[in-house]
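Here's the structure, in structure tokens; my notes come after.
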Amino acid sequence: MTENKEHLILRAGSQLKDNIFNLRKINKIILNELKSDTTVYSAFISDISDKWKEFQKKNEQRKIKYRYTIFFLRNFDYFFRQSIDNLFGFNSKNLKLISKENVTDNDLYFEYKFYFSEDEMNLITKFKERVSHPLDYDRIIPFIFEVLITILGMIIRKTINKKIWISQNGARLKKKGKKSYLNLLITIRRSPDEIMDGYFAFILYNFAIRHSEIPDSYKKTLMERKNILTKIALKNYPLAKYQLVDIIFTFFKKCTLLENVSPFLDFLNFVCSRVEDSIFDTIEIIQEDFLSNLDYPPEVNESLIRIFNFINKYSTLFSTFQANNRPSFRNQYELFLLYLQFFFGRTLESLEISDLLFFPKKFGDLIKEHNLSKKDKISFKTIRSIGYFSNIALSLSHLPGIEDFFYKLLNEKKIQNINEIFFMTFLKSLNEKFLSLIEEENKKLKKSQNKISFEKAIDFICRSLYSLINKVFLREKVEDASKNFVDPRSRYIPENVATRVLELSIFKDLNLSDDIWPDYFLSVNKEEVKHLFKKYLEIPEDVFYSDWSLSMIDMIYNQELFHNEKYLEEFLIEDVVIPLNKFFLQFEKKKESTENKDDLLNDLTKIINKEKRNTEDIKIIFSNIIELWDLSF
């Protein structure tokens with residue numbers, strides 16, 4: 002790029018503003034900017050094309066043909082460096098290749114470290130200012146590189162006319178001395194377009210049948226497309242065992258690069274919950290089909306099993322919460338109340354001594370610290386009141402003004418934003434607890450050579466998942482795998498087993514709860530979905546995740562976000578207990594001092610409604626709370 006031309010990401014930033022997380026828009030903007038420098042862009046395309054033609058020509062002369070992965074093993078690092086220098090305007094001298102691996106002939110894994118110069122960090126600062134977004138550097142930098150790598154993949158795919166998928170599969174910003182560097186994982190593999198298109202067709206049909214406005218004739222057309230997924234699943238089933246290696250290795254690479262367990266939580270729950278539906282026992286499979294082949298001492302095996310049981314338990318809890326993390330306000334509202342009921346449906350004492358929290362002592366200490374310095378003391382009654390209030394609030398979700406009511410109640414934070422913080426803090430506390438559990442287990446092990454590292458623990462969990470899937474889901478014929486389940490004639494007929502196995506591969510690119518896949522697919526294809534159904538209905542916006550929400554979901558699973566986050570225990574005290582306790586104390590005070598119900602409603606409304614908007618709606622909400630509160634106590 003010419004020296005006097007403004008940097009690519011700054012030019013793109015000027016056009017993005019409020020649309021920074023609209024990936025289709027940002028991809029289009031950057032591609033247009035790249036194409037505007039015709040000489041550089043054309044030279045890059047020609048370079049790729051020439052190397053691909055040379056590879057094909059030599060391949061034609063071979064008796065045993067090379068797969069496309071050999072081409073990328075030899076050339077991707079060169080293409081990446083050229084794009085860094087000539088297309089994207091960074092300095093490839095700061096790029097260090099850590100490893101390149103291909104476990105099978107299907108997938109490649111390139112791990113890099115990119116060290117940022119002072120000028121490059123200043124550039125990113127200007128980009129942040131230009132798009133006016135408060136994202137921290139440890140989030141915005143991985144996001145920028147994810148976009149650039151996606152665009153590189155699009156360019157290569159189009160140039161060689163090969164259905165391959167190049168993506169950033171994990172990124173973590175770290176510091177080494179005064180310098181920051183990005184540790185990132187890039188995967189190259191055959192594009193899963195056929196599977197993704199088949200699953201999208203399945204989701205479109207399920208969406209259509211919920212709407213009577215859509216005619217049966219169109220639903221029938223969608224049903225025919227929907228059945229494609231089953232055909233794909235049955236066709237792919239014989240290859241599943243071979244493909245499983247790459248699925249498991251992807252999770253291993255991502256977890257170890259990010260140094261946290263979040264990437265495989267939903268995948269683990271997906272597998273283990275279905276193993277529970279089988280005729281086998283989870284731990285017996287791990288012991289008999291995996292650990293029995295190793296020469297670990299018995300005490301190491303016992304430690305590893307305890308670690309697996311821990312992560313299995315909390316993956317179930319995390320996935321339960323994530324399954325409710327759907328787009329609409331009502332869904333977000335119910336999710337908020339769900340975890341309130343989970344954590345505060347018991348006594349304060351049980352929170353401080355049980356395993357409901359990851360660090361109950363921290364929770365208790367925070368309460369003591371608050372009570373020493375503040376007038377609005379947190380007591381056992383506060384915790385009990387939150388539990389009661391969350392039950393009451395469930396019946397209020399239909400009332401107008403409820404979103405504004407909780408916005409004011411929670412210190413002017415939207416419930417959706419509160420929920421995002423919840424997931425981040427939950428994952429931070431879970432990961433820290435996982436690390437502390439490894440330390441505890443190591444104290445029990447006598448010989449230093451038997452110590453369990455984070456990487457060894459992740460390796461064990463991933464290999465255990467391989468054993469579980471292989472034992473329960475995979476047979477030479479899918480009909481035989483169906484017999485492994487307790488209800489082979491209903492939920493686990495052969496077609497359904499093949500579909501579940503196909504979904505395992507979807508997790509490699511979409512490693513979030515399968516319960517929210519439908520909402521995710523509809524959201525990333527929002528414009529297409531609206532176009533398909535525009536003759537029959539106008540789809541409301543709250544059916545779709547916002548661009549920001551889609552990005553936050555991606556960040557949860559593919560970036561290391563925890564070192565700046567609160568612990569779950571801190572979040573519950575600061576963002577939930579303190580504001581709700583303040584409200585309860587005001588509520589009780591007003592109730593005790595005001596005899597007339599109308600005066601009470603007016604006084605309570607003033608607590609929430611300082612701007613005097615939606616006054617009547619707020620009064621109705623309080624009227625319901627007063628009635629139900631009295632019934633609760």
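Counting the sequence shown from 1 gives a position; the numbering used here is that position plus 1.
Where a beta carbon is used, it is the ideal one built from N, C-alpha and C, also for glycine.
How is the alpha helix (DSSP H) around residue i delimited, first residue to last?
i, result
"Q16", "L9 to L17"
"I210", "Premise fails: I210 is in no alpha helix (DSSP H) and is neither H nor E."
"T257", "A241 to L259"
"R173", "It is not in any alpha helix (DSSP H) - R173 instead sits in the beta strand (DSSP E) that spans I165 to K177."
"H399", "Segment: none, H399 is in no alpha helix (DSSP H) and carries neither H nor E."
"R490", "No alpha helix (DSSP H) contains R490, which DSSP labels as neither H nor E."
"Q417", "I416 to K445"
"G90", "Where G90 is concerned, there is no enclosing alpha helix (DSSP H), given that its DSSP letter is neither H nor E."
"T105", "Per DSSP, T105 belongs to no alpha helix (DSSP H) and is neither H nor E."
"V479", "V479 to S483"
"K29", "L24 to S37"
Is residue j closer than 8 angstroms to residue i when the C-beta atoms are compared?
i, j, result
"F364", "L373", "no"
"I152", "I31", "yes"
"L264", "N512", "It should be pointed out that residue 264 corresponds to Pro in this sequence rather than to Leu. The answer is yes: Cβ separation under 8 angstroms."
"F572", "F423", "yes"
"V473", "N485", "yes"
"G199", "I161", "no"
"F337", "I419", "yes"
"T283", "E289", "no"
"F253", "I459", "yes"
"F89", "E121", "no"
"I249", "F508", "no"
"Y568", "T426", "yes"
"S437", "E570", "no"
"K66", "N60", "yes"
"F435", "V577", "no"
"R476", "F291", "no"
By how many angstroms is the C-alpha of residue j removed from the C-alpha of residue i?
i, j, result
"T348", "L341", "13 angstroms"
"M556", "E421", "11 angstroms"
"A324", "R63", "50 angstroms"
"I150", "S168", "6 angstroms"
"I379", "F271", "38 angstroms"
"N313", "N184", "28 angstroms"
"K127", "S15", "11 angstroms"
"K29", "L505", "31 angstroms"
"F319", "L266", "7 angstroms"
"W166", "R191", "6 angstroms"
"F22", "K36", "22 angstroms"
"E442", "I308", "8 angstroms"
"L352", "F360", "10 angstroms"
"T3", "D548", "Caution is warranted here: a pLDDT of 42 is assigned to T3, below 50, making its placement in the model unreliable, and no coordinate value can be reported."
"N615", "N20", "30 angstroms"
"N412", "F585", "14 angstroms"
"V530", "L410", "36 angstroms"
"Y297", "L305", "10 angstroms"
"N559", "A482", "32 angstroms"
"T321", "V487", "23 angstroms"
"D516", "D194", "21 angstroms"
With a cut-off of 8 angstroms, does the C-beta of residue i fall near any C-beta of chain B?
i, result
"S218", "The structure shown contains no chain B, having only a single protein chain."
Buried or exposed: where does residue i fall if 16 or more other Cβ atoms within 10 Å of its Cβ makes it buried?
i, result
"N326", "buried"
"G178", "exposed"
"I99", "exposed"
"I280", "exposed"
"E7", "exposed"
"K18", "exposed"
"P541", "exposed"
"L466", "buried"
"A44", "exposed"
"L9", "buried"
"F634", "Confidence at F634 is low in this model, with a pLDDT of 49, below 50, so the placement of that residue is unreliable and no value is reported for it."
"I626", "buried"
"K129", "buried"
"T40", "exposed"
"Q417", "buried"
"Y243", "exposed"
"K227", "buried"
Considering residue i, what are the terminal residues of the beta strand (DSSP E) in which it resides?
i, result
"Q62", "Where Q62 is concerned, there is no enclosing beta strand (DSSP E), given that its DSSP letter is neither H nor E."
"T188", "K180 to R191"
"Y116", "L109 to Y116"
"L96", "L96 to E102"
Could you check if residue i belongs to the surroundings of the ligand NAP, using beta carbon to heavy atom distance under 7 angstroms?
i, result
"N162", "Absence of the ligand NAP is noted for the structure shown, with no ligands found whatsoever."
So within the region 328–374, which uninterrupted alpha helix (DSSP H) runs reach at least 4 residues, ignoring any that extend past its ends?
330–345, 349–354 and 361–374
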